[in-house]
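Asks:
In the numbering used here, the protein residues as written are 8 to 452.
In structure tokens, the structure reads:
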């Protein structure tokens, strides 16, 4: 009777020639992927600046007028619709389905790039993280021949994941965040020593990616609009009031974000592959942008785009926002984000964080609730509800909070668990394995 084959030990897996070759390839992949990602994000940032700053200034406006989102988002819908409905890859993953998707094949990458450039600079309420992950995957898999991709789906998964993490390593503010995201997601599909073989390529590729982004940003002077707080909120050690208010607030944010995601899935079911409905959805997002500007008298770009800049504004000057404006910001962003999730292209995480930040600052004026803890708990709860990955949400919030993070960690941990449980009550779909960790089918290769 044959003995059952024993699973490989961690040492055997890490020292195997195939693993070492995979790590070397991941490091090499990180360089071209990161260079391309840097160029893409810099171009997207420059286009966004031109649309929302330079163009209004040329027309004599100190800031975008209240109606500015109507033509920009109408143009976004008209440009994105044929890309989504006619090109291979349909412009990338549907953001309502989550932050990832199956590994993007090289032939699908052009539609991802074009759809992102059509949507993001013109004010679609989505972020750059999902397109970057898809681009990184497609570019990384250029190093593998089509025949090999068809016969080795596990290689497609690992290299696609390495390319994705290299591409997004800096926009999250730290190369560790995408690796933690992969690690937490991989726990659903892998275990034991093999987990490390899946994670190490992501770690080395994202480290190289962060190095390339940092070097080129310093050398060229170009900005990439990474998610970061220009001024860390003063927090201090959370007290009883922070927990008494923070826990129900985290539950509220979890429910709100989950409702937005569920609405996005319904929008996607209605939109399908209809170019006309995609344009109508873009116009609906424009109405949300315009409605916010009319109701609050503030600039429409605060609610448009991914929300990265607005989160920084909320953290830097929370006292300058009236509670009514914060409520309007969260409501109009939630509605527009839900529509964009199911119809247009971009990432779902950054906008959800902005919604959480707005609710956090609005609740920060409650008696006994500090503004710093409220903002921190809001960001963390929204990050968890948006990704359904609690450790990722905590690490993301900690990276944004900087030196204030250690004292706020107990509140962040409890807010993360609370938001995950609350969002699960709304989102009754089984939390599936992150799709970008799943092997691609041979027919996709």
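Note that the Cβ used here is the ideal one computed from N, Cα and C, for glycine as well.
1. Distance, Cα to Cα, residue 323 vs residue 360?
2. On a CA-only basis, which of 274, 39 and 422 is nearest residue 261? Give me that one, please.
3. Please name the residue in 415, 76, 124 and 401 whose C-alpha comes closest to that of residue 53.
4. Return the bridge partner residues of residue 354 from the DSSP annotation.
5. With a threshold of 8 Å on Cβ separation, who are the neighbours of residue 252 within its own chain once the five nearest residues in sequence on each side are excluded?
6. In the structure shown, what three-state DSSP assignment does residue 246 receive?
7. Between the stretch 329–348 and the stretch 132–139, can you find at least three pairs of beta-carbon atoms closer than 8 Å?
8. Taking buried to mean at least 16 other C-beta atoms within 10 Å of its own C-beta, is residue 87 buried or exposed?
9. Give a yes or no on whether the C-beta atoms belonging to residue 348 and residue 274 are separated by under 9 Å.
10. Pick out whichever of 393, 258 and 308 has its Cα sitting closest to the Cα of residue 457.
11. For residue 120, which residues in the same chain have their Cβ closer than 7 Å to its Cβ, ignoring the five residues on either side in sequence?
12. What residue does the alpha helix (DSSP H) around residue 116 start on, and which one ends it?
13. Out of 350, 357 and 311, which has the shortest C-alpha to C-alpha gap to residue 335?
14. Tell me the rounded alpha-carbon separation between residue 139 and residue 127.
15. For residue 266, which residues in the same chain have their Cβ closer than 7 Å to its Cβ, ignoring the five residues on either side in sequence?
16. How big is the Cα-Cα spacing for residue 317 and residue 328?
17. So, for residue 71: in the same chain, excluding its five sequence neighbours on each side, which residues have a beta-carbon less than 7 Å away from its beta-carbon?
18. If I'm right that residue 425 touches residue 254 with Cβ under 8 Å, what's the distance once you round it to whole angstroms?
19. Report yes if the C-beta distance between residue 110 and residue 148 is below 9 Å; otherwise report no.
20. From residue 420 to residue 401, what distance separates their C-alpha atoms?
21. Which of the three DSSP states, helix, strand or coil, is assigned to residue 182?
22. Tell me whether residue 40 is buried or exposed, calling it buried when 16 or more other Cβ atoms sit within 10 Å of its Cβ.
23. I'd like to check one pair, residue 296 with residue 57: are the Cβ atoms closer than 9 Å?
24. Going by alpha carbons, who is nearest to residue 115 out of 430, 151 and 100?
25. Could you have a look at residue 422 and say whether DSSP puts it in helix, strand or coil?
26. Could you check where the alpha helix (DSSP H) with residue 303 kicks off and where it finishes?
27. Run the CB neighbour count on residue 93, radius 10 Å, all protein chains shown included, and call it buried at 16 or more, exposed below.
28. Which word fits residue 330, buried or exposed, when buried means at least 16 other C-beta atoms lie within 10 angstroms of its C-beta?
29. Which residue's Cα is closest to the Cα of residue 389: 418, 379, 353 and 427?
30. Apply the 10 Å Cβ neighbour rule to residue 397 and answer buried if 16 or more other Cβ atoms are within range, or exposed otherwise.
31. How about residue 97 and residue 289: do their beta carbons lie closer than 9 Å?
32. Tell me the residue span of the alpha helix (DSSP H) that contains residue 84.
33. In the structure shown, what three-state DSSP assignment does residue 433 receive?
34. Taking C-beta to C-beta, are residue 271 and residue 103 nearer than 9 Å?
35. Thinking C-alpha only, which one of 244, 368, 278 and 78 is nearest residue 410?
36. Going by alpha carbons, who is nearest to residue 337 out of 315, 89, 363 and 320?
Replies: Concretely, from the data shown:
1. 16 Å
2. Closest by alpha carbon: 422.
3. 124
4. Its beta-bridge partners are 134.
5. 370, 373, 375, 376 and 381
6. coil
7. With a cut-off of 8 Å, the stretch 329–348 and the stretch 132–139 count as touching, because enough Cβ pairs lie within range.
8. With a 10 Å radius around the Cβ and a threshold of 16 neighbouring Cβ atoms, residue 87 comes out buried.
9. Yes; because the gap between Cβ atoms is below 9 Å, this pair is in contact.
10. Nothing can be reported for residue 457: it is not among the residues displayed for the chain, which extend from 8 to 452.
11. Cβ neighbours of residue 120 beyond the five flanking positions: 47 and 142.
12. 116–126
13. 311
14. 12 Å
15. 433
16. 11 Å
17. Excluding residues within five positions, the ones whose Cβ falls inside 7 Å are 59, 63, 306, 307 and 308.
18. 5 Å
19. Against a cut-off of 9 Å, the Cβ pair of residue 148 and residue 110 comes out as a contact.
20. 7 Å
21. coil
22. buried
23. no
24. 100
25. Residue 422: helix per DSSP, three-state reduction.
26. 282–303
27. Counting Cβ neighbours within 10 Å, residue 93 comes out exposed, since fewer than 16 surround it.
28. exposed
29. 427
30. buried
31. It is not a contact, given that the beta carbons lie outside the stated cut-off.
32. 76–93
33. DSSP places residue 433 in helix when its eight states are reduced to three.
34. Against a cut-off of 9 Å, the Cβ pair of residue 103 and residue 271 comes out as a contact.
35. 244
36. 363
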